[in-house]
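Colleague:
Residue numbers (my numbering): 1 to 290.
1. Could you tell me the distance, in whole angstroms, from the CA atom of residue 185 to the CA atom of residue 278?
2. Under DSSP, the alpha helix (DSSP H) around residue 205 begins and ends at which residues?
3. For residue 125, which of helix, strand or coil comes out of DSSP?
4. Rounded to whole angstroms, what's the CA-CA distance from residue 225 to residue 243? Just pull it up for me.
5. Looking at the secondary structure, which residues open and close the beta strand (DSSP E) in which residue 187 lies?
6. Kindly indicate which three-state DSSP category residue 277 falls into: helix, strand or coil?
7. Which residues does DSSP list as the beta-bridge partners of residue 147?
8. Indicate the three-state DSSP secondary structure (helix, strand or coil) for residue 140 in the structure shown.
9. On the three-pair Cβ rule with 8 Å, is the segment 173-189 touching the segment 143-151?
10. Quick check on this structure: which residue in 159, 218, 124, 133 has the alpha carbon closest to the alpha carbon of residue 170?
11. Run through DSSP, which three-state label would residue 282 get?
12. Can you tell me whether residue 244 is helix, strand or coil according to DSSP?
13. So the candidates are 216, 229, 255; which of them puts its Cα closest to the Cα of residue 206?
14. Taking the Cβ atom as the reference point for each residue, do residue 237 and residue 256 lie within a distance shorter than 8 Å?
15. I need the straight-line Cα distance from residue 353 to residue 138, nearest angstrom please.
16. Taking residue 307 as the reference, which of 131, 112, 110 has the closest Cα?
17. When you measure from the CB of residue 267 to every non-hydrogen atom of the ligand MG, does any distance come out below 7 Å?
18. Should residue 110 be labelled buried (16 or more other beta-carbon atoms within 10 Å of its own) or exposed?
19. Starting from residue 176, trace the beta strand (DSSP E) in both directions and tell me its first and last residue.
Pasting the structure below:
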């Protein structure tokens with residue numbers, strides 16, 4: 001009887017999935033490191049006029065993420081298979097609450113903002129509008145109208161979306177920056193579009209996938225629109241502004257009409273820039289050409 005030779009076992013640790021790989025190329029082309037100075041194209045000139053603007057050096061890449069939805073706003077569990085009413089469970093209500101708390105906060109050492117309070121009058125205080133006609137800018141170190149460029153230091157603690165809308169914002173020439181180059185404003189292009197129930201549910205999951213930035217991040221030096229996703233929770237409005245270009249930065253606002261995206265002093269939303277914008281747009285069916 002003959003025996004089959006035993007295949008030698010591999011030695012050493014298995015390679016990490018994706019080890020040594022770079023961030024995938026963006027839809028706009030192959031990603032290249034964002035230089036200290038770059039070029040942005042003015043959208044209002046033909047042929048295109050290249051305007052020099054300050055583009056930050058390659059920024060941080062995403063840190064590991066954790067679930068952080070505000071406990072008070074977590075979506076209810078489905079009824080048990082036995083058909084018992086939701087209020088009747090095999091375990092005590094105290095145990096259910098403890099398990100929910102562990103789900104939201106347990107095992108995550110990433111700094112997270114304190115939970116927000118609900119300001120029920122925001123949704124009704126702007127004559128039925130949910131998106132401002134022009135985005136507030138706030139801190140703008142480059143003077144070009146892009147807003148804050150600082151990375152967020154903590155993850156947000158956000159209310160659960162109940163109804164959501166999306167608005168597109170395009171650049172308009174607003175003058176010259178103090179240090180030279182163009183200064184832009186971001187003006188709404190058309191009315192707000194209501195998201196259907198399935199997309200709103202997808203948004204509720206997507207907000208948990210926003211990330212802090214750490215390490216080097218390759219970005220393209222292009223320019224495109226911004227999208228504001230606005231959602232309502234008990235009359236309280238929260239805005240998420242996502243760049244549809246470059247690093248797809250995300251800036252949050254707890255009052256879309258008066259608080260600049262990424263500004264300090266907000267409730268639940270955080271100061272600075274978050275990662276995860278490209279995935280957020282993709283999950284909502286948004287982005288260039290859509």
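A virtual CB, placed ideally from N, CA and C, is assigned to each residue, including glycine.
Modeller: The short version:
1. 22 Å
2. 197-206
3. coil
4. 7 Å
5. 182-188
6. helix
7. Note: residue 147 sits in no beta bridge, so no partner.
8. coil
9. yes
10. 133
11. helix
12. coil
13. 229
14. yes
15. Here the chain has residues from 1 to 290 only, and residue 353 is not among them.
16. Residue 307 cannot be examined here, being either before or after the span of the chain that is shown, 1 to 290.
17. Of ligands this structure carries none, so the ligand MG is not represented either.
18. exposed
19. 163-176
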